Amino acid sequence: MLELRGISKTFPGVKALDGVDFTLRTGEIHALMGENGAGKSTLIKILTGVYSCDEGSMVLDGRPLNPDSPRTAEHAGISTVYQEVNLVPDLSVAENIMLGREPTGPLGGIRWRAIRERAEKALDRLGLSIDVQRNVSTFSIAIKQMVAVARALDLDARLLILDEPTSSLDDDEVDQLFTVLRQLQRGGLSIIFITHFLDQVYKISDRITVLRNGRQVGEYATPDLPRLELIAAMMGREVQEIEHLGGTITMADRGREQAEPFLKVRGLGAPGRVEDIDMEVNRGEVVGLAGLLGSGRTETARLIFGVERAASGTIEVEGEHVRIRSPRDAIRRGIAFCSEDRKVEGIIPTLSVRENLILALQGSRGPMRRLPREEQETLATHYIQALGIKTPTPETPIENLSGGNQQKVLVARWLCMSPQLTILDEPTRGIDVGAKAEIEKLVAGLREEGTSVLFISSELEEVVRSCERVLVLCDRRKAGELSGEEISEQNIMRTIAEYHEDTAR
Amino acid sequence: MKTLLANAIHSRIIWPLAGLGVLLLFNLLADIEFYRIEILEGDLYGPLITVLKQGSKIMLLALGMTLVIATKGVDLSVGSVMAVVGVLAAFLLRETGGNLAAALAGGIGVAVILGAFNGGMVALVKIQPIVATLIMMVLARGVAFLITGGLPIKVTDPAIRQLGQGHLLGLPLSLFVVAAFFLISVILTRRTALGLFIESVGDNETASRFCGLPTRLVKVMVYVFCAVCACAAGLVSIGFSGIADADKLGVLYELDAITAVVVGGTALTGGRFSLAGSLVGALLIKTMEITLIRQGMNPAYMPVPKALIIVAVCLLLSEAFRTQLAGLFGRRKVSA
Chain A
4 MLELRGISKT
14 FPGVKALDGV
24 DFTLRTGEIH
34 ALMGENGAGK
44 STLIKILTGV
54 YSCDEGSMVL
64 DGRPLNPDSP
74 RTAEHAGIST
84 VYQEVNLVPD
94 LSVAENIMLG
104 REPTGPLGGI
114 RWRAIRERAE
124 KALDRLGLSI
134 DVQRNVSTFS
144 IAIKQMVAVA
154 RALDLDARLL
164 ILDEPTSSLD
174 DDEVDQLFTV
184 LRQLQRGGLS
194 IIFITHFLDQ
204 VYKISDRITV
214 LRNGRQVGEY
224 ATPDLPRLEL
234 IAAMMGREVQ
244 EIEHLGGTIT
254 MADRGREQAE
264 PFLKVRGLGA
274 PGRVEDIDME
284 VNRGEVVGLA
294 GLLGSGRTET
304 ARLIFGVERA
314 ASGTIEVEGE
324 HVRIRSPRDA
334 IRRGIAFCSE
344 DRKVEGIIPT
354 LSVRENLILA
364 LQGSRGPMRR
374 LPREEQETLA
384 THYIQALGIK
394 TPTPETPIEN
404 LSGGNQQKVL
414 VARWLCMSPQ
424 LTILDEPTRG
434 IDVGAKAEIE
444 KLVAGLREEG
454 TSVLFISSEL
464 EEVVRSCERV
474 LVLCDRRKAG
484 ELSGEEISEQ
494 NIMRTIAEYH
504 EDTAR
Chain B
-19 MKTLLANAIH
-9 SRIIWPLAGL
1 GVLLLFNLLA
11 DIEFYRIEIL
21 EGDLYGPLIT
31 VLKQGSKIML
41 LALGMTLVIA
51 TKGVDLSVGS
61 VMAVVGVLAA
71 FLLRETGGNL
81 AAALAGGIGV
91 AVILGAFNGG
101 MVALVKIQPI
111 VATLIMMVLA
121 RGVAFLITGG
131 LPIKVTDPAI
141 RQLGQGHLLG
151 LPLSLFVVAA
161 FFLISVILTR
171 RTALGLFIES
181 VGDNETASRF
191 CGLPTRLVKV
201 MVYVFCAVCA
211 CAAGLVSIGF
221 SGIADADKLG
231 VLYELDAITA
241 VVVGGTALTG
251 GRFSLAGSLV
261 GALLIKTMEI
271 TLIRQGMNPA
281 YMPVPKALII
291 VAVCLLLSEA
301 FRTQLAGLFG
311 RRKVSA
């Protein structure tokens, strides 16, 4: 039905897609898989006319497809539901479904009754009967997702693209959505489905295409592809590599008979974030959190740091039960957190490097005991030198620095408080190789000084190199724990795969 | 280092200073009388002194408003808070037979309460500042009417009258109030870390929270401080006019204060702020007002030139406009 051949797309400095082929048959649900940055979104955006491709051809139903805008793609019968539900919250369900194509009367007035009727019909197709005159904002995310699907379908779509539709749904809601998708599939609609959840891929899809680093790795019929092979394909490893490994995987924390871990977490969870996380971090230990995107790594860290409040579970710091309800609480207990979202949760863009650097320290001292200017400058020059931060002066606004240097300032922000536990969430994302190596060196330095580190990274090599113990998370739960010699990329992947096979049974 | 810092402060304040300079230059050429200063019983009088005397209310409001705007907020209620404070002080003076301490305590007390209410609505209930303070703007005005029953109260207390009309060392006494508030706010923000916290919260509140800053406390504090500034402006105002009228006191002053702050180089988008810039901004507005009146303009039309100033500032702040402007001159200037 849809044939993409040799699609390439280059962004300044990056080859996002490199000769990708993709075939979609009529009436199938086709999963598009790949790690972050594999090129899934770029491919979808080319298909829907957001970007144009540099090379390659697209054929839809035997006719060449060259969408130059999302609108022309819609006219060709391609509808997309994006990850963030893009509905207008304060309009009614019917208005949202018909937005931009309201049926008008002879005088150009809107025919409200027709809007309602068509919206009801669209929802009917999905087996959903709700009051279409109610505001969208009054419904659950699952219903909103359905409304978005209904909106997409009203365009007489023949191809529906769902970009991570399930990332904010709970299990029941996912089932509800899948029922609808199967129904649509029976009606002859073809569906491209993007997700990070392996379980869901096996539950719903007929075929899988895997992308990695902008290339198509393979196309498979879902029942013929073992989970291990899928994971290997996504990560670019040989299956034999994973199968022929020595050592076993310990599922429980063994050894490490230390008197008292610095941090002890039991049964930590919050709905829609993570469930039932147990972990310990000993003094001076670097513990990694590994797992695929959406597995709950960041969510775990945020619960510990008090950004979000845990609904269940306990946290002990140095053997003492603590309630961490805000970052301030966590900082008071000696916990520091470098967010993965540098721009939104890290830098104060127009303030200087010096001010950004001393902010957390000053925050812990309170407003009245101001750090004397000379001390601020000493700290700033010290860390600029120690971490090799490239900045014209300490007074340069941090927004003028490169990503890697901003990251170093943010790390320094916590270092100057000498925290007991530093949580680094994707500290090397979006920074160049040299800076990455320096960040890793920094982690090693922290350990030597007796600081514990909780290290989160999508790059398994980094986790393996830096960590003494690794917690593997899967689908928002703990899948296993590796320590010492057991830590290898293969073992981490195997833990993920085995977890999925266990839950599938 | 020192020169860099000086440059930073310099660039922030240079535009309002230049604007003020243009106005003063205009008067020098067109209306030399503007500079005439008379000495009566050792006190100075004249148009320039009037600018300072009448401008002191806006300057006081602008100081508080600067800090609120620096946290990415805005306080529309300052004019109404002025009214409540002025009216309550006058009322207490009348009812207690001239107990100044009771009047001052009542005024400051009510200002703190109203400011804390503003801050609470913004920081804790998370209502948008413009809405929260709009509620207070209407509410406080109503309370002022409740106190007076709609009738203006005469203010005869000599101390309060002195505050608005009196002179010290030849200069208007109210100017010393401004100086005191300026000094206090500079010390509070620059000698402690409050200024850093305010700028940080205004620039990126989420990141500030992640740093462990007391973001909500900071916000509540700036609204309280802003209301206390409005309290001072209210007392100066009733002292100046000798009358406390719930209907007229502080009407539209919030707009002057916001204009002064924006003209003074503190962006409505929060972050970096300049208290001195706001004072210059306030003087700029008042000088323009007096100049135009002296040029024969009907004071009733005053909002029009003020609106023009705001438009001019907004245009200068707009990236798109500056690029176009640069294009007009055929040369591409790189904007920082």
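Top line first, the protein sequences correspond to chains A and B. Residue numbering for the first sequence follows the numbering used here, starting at 4 and increasing by one per position. Residue numbering for the second sequence follows the numbering used here, starting at -19 and increasing by one per position. Glycine is no exception: its CB is placed at the ideal position from the N, C-alpha and C atoms. Model, not experiment: these values are computed from the prediction.
Please state whether DSSP places residue i in a helix, a strand or coil.
i, result
"Asn138(A)", "strand"
"Ser460(A)", "coil"
"His199(A)", "coil"
"Lys12(A)", "strand"
"Ile133(A)", "coil"
"Glu77(A)", "helix"
"Gly291(A)", "strand"
"Thr51(B)", "coil"
"Leu296(A)", "coil"
"Gln493(A)", "helix"
"Tyr281(B)", "helix"
"Tyr223(A)", "strand"
"Lys228(B)", "coil"
"Met254(A)", "Residue placement at Met254(A) is flagged as unreliable, the pLDDT there being 33, under the threshold of 50; a coordinate-derived value is accordingly withheld."
"Leu56(B)", "coil"
"Gly272(A)", "strand"
"Thr107(A)", "strand"
"Arg210(A)", "strand"
"Val310(A)", "coil"
Less than 9 Å separating the beta-carbons of residue i and residue j?
i, j, result
"Met62(B)", "Ala240(B)", "no"
"Asp428(A)", "Ile459(A)", "yes"
"Leu119(B)", "Ile29(B)", "no"
"Val473(A)", "Ile499(A)", "no"
"Gly3(A)", "Arg331(A)", "The first residue shown for chain A is 4 and the last is 508, placing residue 3(A) beyond what the model contains."
"Val213(A)", "Leu231(A)", "no"
"Pro422(A)", "Ile338(A)", "yes"
"Arg41(A)", "Asn285(A)", "What sits at residue 41(A) in the sequence shown is Ala, not Arg. No, Cβ-Cβ distance for Ala41(A) and Asn285(A) is not below 9 Å."
"Pro70(A)", "Thr51(A)", "yes"
"Ser154(B)", "Val216(B)", "yes"
"Ile110(B)", "Leu47(B)", "no"
"Asp166(A)", "Ile47(A)", "yes"
"Leu248(B)", "Ile49(B)", "yes"
"Gly230(B)", "Val242(B)", "no"
"Leu296(A)", "Ser461(A)", "yes"
"Asn184(B)", "Ile351(A)", "yes"
"Glu465(A)", "Gly287(A)", "no"
"Leu84(B)", "Ala69(B)", "yes"
Checking the sheet assignment: what are the DSSP bridge partners for residue i?
i, result
"Leu7(A)", "Phe25(A) and Met61(A)"
"Pro67(A)", "Val62(A)"
"Cys477(A)", "Arg480(A)"
"Tyr502(A)", "Paired residues: none, contrary to the question."
"Gly345(B)", "Outside the shown range of chain B (-19 to 316) lies residue 345(B), about which nothing can therefore be said."
"Ile19(B)", "Leu24(B)"
"Phe340(A)", "Ile426(A)"
"Ser82(A)", "Leu163(A)"
"Lys267(A)", "Glu283(A) and Glu319(A)"
"Ile32(A)", "Ile194(A)"
"Arg215(A)", "Arg218(A)"
"Arg472(A)", "Val290(A) and Ser486(A)"
"Ser95(A)", "Asn138(A)"
"Val325(A)", "Ile318(A)"
> Along the segment 233 to 261 of chain B, what residues have a CB closer than 8 Å to any CB found in chain A?
Replying inline: Gly251 and Arg252
> For the segment 42 to 54 of chain B, which residues have a CB atom closer than 9 Å to at least one CB atom of chain A, in sequence order?
Replying inline: none
> Which runs of the alpha helix (DSSP H), 4 residues or longer, sit entirely within the segment 82 to 154 of chain B?
Replying inline: 109 to 128 and 138 to 145
> Whole alpha helix (DSSP H) runs in the segment 348 to 420 of chain A with 4 or more residues, listed along the chain?
Replying inline: 356 to 368, 376 to 389 and 406 to 418
> Could you give the uninterrupted runs of the alpha helix (DSSP H) lying entirely in the segment 167 to 204 of chain B, keeping only those of 4 residues or more?
Replying inline: Counting whole runs of 4 or more residues, the segment 167 to 204 of chain B contains the alpha helix (DSSP H) stretches 174 to 183 and 185 to 190.
>> If the cut-off is 9 Å on Cβ atoms, which residues from the segment 188 to 207 of chain B count as contacting chain A, listed in chain order?
In response: Those residues of the segment 188 to 207 of chain B that come within reach of chain A (Cβ to Cβ, closer than 9 Å) are Ser188, Arg189, Phe190, Cys191, Gly192, Leu193, Pro194, Leu197, Val198 and Met201.
> What residues from the segment 343 to 364 of chain A come within 7 Å of chain B, judged by C-beta to C-beta, listed N to C?
Replying inline: Val347, Glu348, Gly349, Ile350, Ile351, Pro352, Thr353, Leu354, Glu358, Leu362 and Ala363
>> To be precise: take each residue of the segment 262 to 285 of chain B, compare its Cβ to all Cβ atoms of chain A, and keep it if any distance is under 9 Å. Which residues remain?
In response: none
> Unbroken alpha helix (DSSP H) runs of length 4 or more, entirely within the segment 207 to 257 of chain B: which are they?
Replying inline: As far as the segment 207 to 257 of chain B is concerned, its whole alpha helix (DSSP H) runs of at least 4 residues are 233 to 243.
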